[in-house]
Amino acid sequence: MVIKKSIKTNSRNELLDITREIQGEISKENIQSGTVVVFVPHTTAAVTINENADPDVKKDILKFMQDKVPNNYGFDHIEGNSDSHIKSSVFGPSITLIIENGKLLLGTWQSVYFCEFDGPRNRKYFVKITQD
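Below, the structure is given as C-alpha coordinates:
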(Lines of atoms letter the chains of each structure in order from A and count residues from 1; the text may use other names and numbers.)
(Lines give C-alpha, C1' and ligand atoms only; values in the text may rest on other atoms or scores of the structure.)
Protein backbone atom coordinates (compact mmCIF):
# COMPACT_ATOMS: atom_id res chain seq x y z
CA MET A 1 0.00 0.00 0.00
CA VAL A 2 1.13 3.54 -0.74
CA ILE A 3 0.11 6.30 1.64
CA LYS A 4 0.29 9.96 0.62
CA LYS A 5 1.24 12.28 3.48
CA SER A 6 1.16 16.09 3.53
CA ILE A 7 3.56 18.32 5.40
CA LYS A 8 3.77 22.10 5.76
CA THR A 9 7.25 23.53 6.04
CA ASN A 10 7.94 26.85 7.70
CA SER A 11 11.43 27.87 6.58
CA ARG A 12 13.52 27.90 3.42
CA ASN A 13 15.85 25.27 4.89
CA GLU A 14 14.45 22.97 7.54
CA LEU A 15 14.57 19.41 8.86
CA LEU A 16 11.23 18.11 10.16
CA ASP A 17 10.97 14.89 12.17
CA ILE A 18 8.40 12.62 10.49
CA THR A 19 9.19 9.46 12.46
CA ARG A 20 5.90 9.49 14.42
CA GLU A 21 3.85 9.90 11.27
CA ILE A 22 5.55 6.91 9.64
CA GLN A 23 5.27 4.79 12.79
CA GLY A 24 1.60 5.79 13.00
CA GLU A 25 0.93 4.37 9.54
CA ILE A 26 2.70 1.13 10.47
CA SER A 27 0.61 0.85 13.64
CA LYS A 28 -2.64 1.61 11.77
CA GLU A 29 -1.95 -1.25 9.40
CA ASN A 30 -0.82 -3.53 12.25
CA ILE A 31 2.33 -4.53 10.38
CA GLN A 32 4.64 -6.58 12.63
CA SER A 33 7.47 -7.32 10.22
CA GLY A 34 8.40 -5.84 6.87
CA THR A 35 9.87 -2.79 5.22
CA VAL A 36 8.82 0.78 4.65
CA VAL A 37 10.00 3.09 1.90
CA VAL A 38 9.66 6.85 2.33
CA PHE A 39 9.78 8.77 -0.97
CA VAL A 40 9.82 12.54 -1.50
CA PRO A 41 8.58 13.51 -5.00
CA HIS A 42 10.16 16.97 -5.06
CA THR A 43 13.44 18.12 -6.63
CA THR A 44 14.12 20.62 -3.84
CA ALA A 45 13.30 18.43 -0.83
CA ALA A 46 14.66 15.13 0.47
CA VAL A 47 14.53 12.60 3.30
CA THR A 48 17.26 11.41 5.67
CA ILE A 49 17.92 9.66 8.97
CA ASN A 50 19.89 11.41 11.69
CA GLU A 51 20.15 12.16 15.40
CA ASN A 52 17.07 13.29 17.31
CA ALA A 53 18.50 13.86 20.81
CA ASP A 54 20.37 17.14 20.31
CA PRO A 55 18.60 19.85 18.27
CA ASP A 56 21.99 21.37 17.48
CA VAL A 57 22.65 18.45 15.09
CA LYS A 58 19.85 19.67 12.78
CA LYS A 59 21.20 23.23 13.01
CA ASP A 60 24.72 22.02 12.20
CA ILE A 61 23.52 20.04 9.17
CA LEU A 62 21.68 23.07 7.79
CA LYS A 63 24.62 25.37 8.58
CA PHE A 64 27.04 23.01 6.82
CA MET A 65 24.81 22.73 3.74
CA GLN A 66 24.42 26.52 3.53
CA ASP A 67 28.19 26.94 3.82
CA LYS A 68 29.01 24.34 1.16
CA VAL A 69 26.08 25.12 -1.16
CA PRO A 70 25.19 28.81 -0.70
CA ASN A 71 22.17 30.17 -2.54
CA ASN A 72 24.28 33.00 -4.03
CA TYR A 73 26.89 30.71 -5.60
CA GLY A 74 26.34 31.98 -9.17
CA PHE A 75 24.50 29.00 -10.62
CA ASP A 76 23.53 28.78 -14.30
CA HIS A 77 19.99 27.70 -13.35
CA ILE A 78 18.54 31.12 -12.47
CA GLU A 79 15.18 30.37 -10.86
CA GLY A 80 16.58 31.27 -7.44
CA ASN A 81 16.52 27.76 -6.01
CA SER A 82 19.56 26.15 -7.62
CA ASP A 83 21.12 25.48 -4.24
CA SER A 84 17.95 23.62 -3.24
CA HIS A 85 18.31 21.17 -6.12
CA ILE A 86 21.89 20.38 -5.13
CA LYS A 87 21.11 20.05 -1.41
CA SER A 88 18.25 17.65 -2.08
CA SER A 89 20.49 15.60 -4.38
CA VAL A 90 23.05 15.19 -1.59
CA PHE A 91 20.43 13.67 0.74
CA GLY A 92 18.30 11.84 -1.82
CA PRO A 93 14.59 11.31 -2.43
CA SER A 94 14.04 8.05 -0.53
CA ILE A 95 15.00 5.80 2.36
CA THR A 96 14.16 2.20 3.19
CA LEU A 97 13.59 1.10 6.77
CA ILE A 98 13.00 -2.22 8.51
CA ILE A 99 9.88 -2.92 10.56
CA GLU A 100 10.35 -5.43 13.39
CA ASN A 101 7.85 -6.23 16.15
CA GLY A 102 5.56 -3.50 14.80
CA LYS A 103 8.18 -0.76 15.16
CA LEU A 104 10.62 1.04 12.92
CA LEU A 105 14.06 -0.43 13.47
CA LEU A 106 16.07 2.71 14.22
CA GLY A 107 19.09 3.37 16.38
CA THR A 108 18.62 4.82 19.86
CA TRP A 109 19.08 8.42 18.75
CA GLN A 110 17.78 8.16 15.17
CA SER A 111 14.75 9.79 13.57
CA VAL A 112 13.51 10.20 10.01
CA TYR A 113 13.63 13.78 8.73
CA PHE A 114 11.85 15.50 5.85
CA CYS A 115 14.45 17.91 4.44
CA GLU A 116 13.10 21.18 3.06
CA PHE A 117 15.49 23.26 0.97
CA ASP A 118 13.08 25.60 -0.88
CA GLY A 119 10.37 26.49 1.61
CA PRO A 120 8.16 27.41 3.12
CA ARG A 121 5.77 25.20 1.16
CA ASN A 122 3.04 22.63 1.37
CA ARG A 123 4.78 19.38 0.51
CA LYS A 124 4.00 15.71 0.26
CA TYR A 125 5.79 12.44 0.72
CA PHE A 126 4.80 8.85 0.19
CA VAL A 127 5.07 5.91 2.55
CA LYS A 128 5.02 2.38 1.10
CA ILE A 129 4.68 -0.40 3.64
CA THR A 130 5.40 -3.99 2.67
CA GLN A 131 4.63 -6.83 5.05
CA ASP A 132 6.91 -9.87 5.22
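The C-terminal residue of the sequence shown carries number 227 in my numbering, and the numbering is unbroken.
C-beta: ideal position from N, C-alpha, C; glycine also.
Val185 lies in the alpha helix (DSSP H); which residues open and close that run?
Start at 1 with the first residue of the sequence shown, and residue 185 comes out as number 90. Per DSSP, Val185 belongs to the alpha helix (DSSP H) from 177 to 186.
Decide if Ala141 is buried, meaning its Cβ has at least 16 other Cβ atoms within 10 Å, or exposed.
Against the sequence shown, residue 141 aligns to sequence position 46. By the neighbour-count rule (16 or more Cβ atoms within 10 Å), Ala141 is buried.
Contact belief for Thr104 with Ser206 at Cβ below 8 Å, rounded distance in angstroms
Stepping through the sequence shown from its first residue, residue 104 is reached at position 9. Stepping through the sequence shown from its first residue, residue 206 is reached at position 111. The pair is not a contact, with the Cβ atoms about 16 Å apart (cut-off 8 Å).
Distance check for Ser128 and Glu109, CA to CA, integer angstroms please.
In the sequence shown, the residue the question calls residue 109 occupies position 14. In the sequence shown, the residue the question calls residue 128 occupies position 33. So the two alpha carbons sit approximately 31 Å from each other.
Would you mind giving the Cβ-Cβ distance between Pro188 and Phe221, rounded to the nearest angstrom? I have them listed as a contact below 8 Å.
Counting from 1 along the sequence shown, the entry for residue 188 is found at position 93. Counting from 1 along the sequence shown, the entry for residue 221 is found at position 126. Contact flag wrong, Cβ pair sits at about 10 Å.
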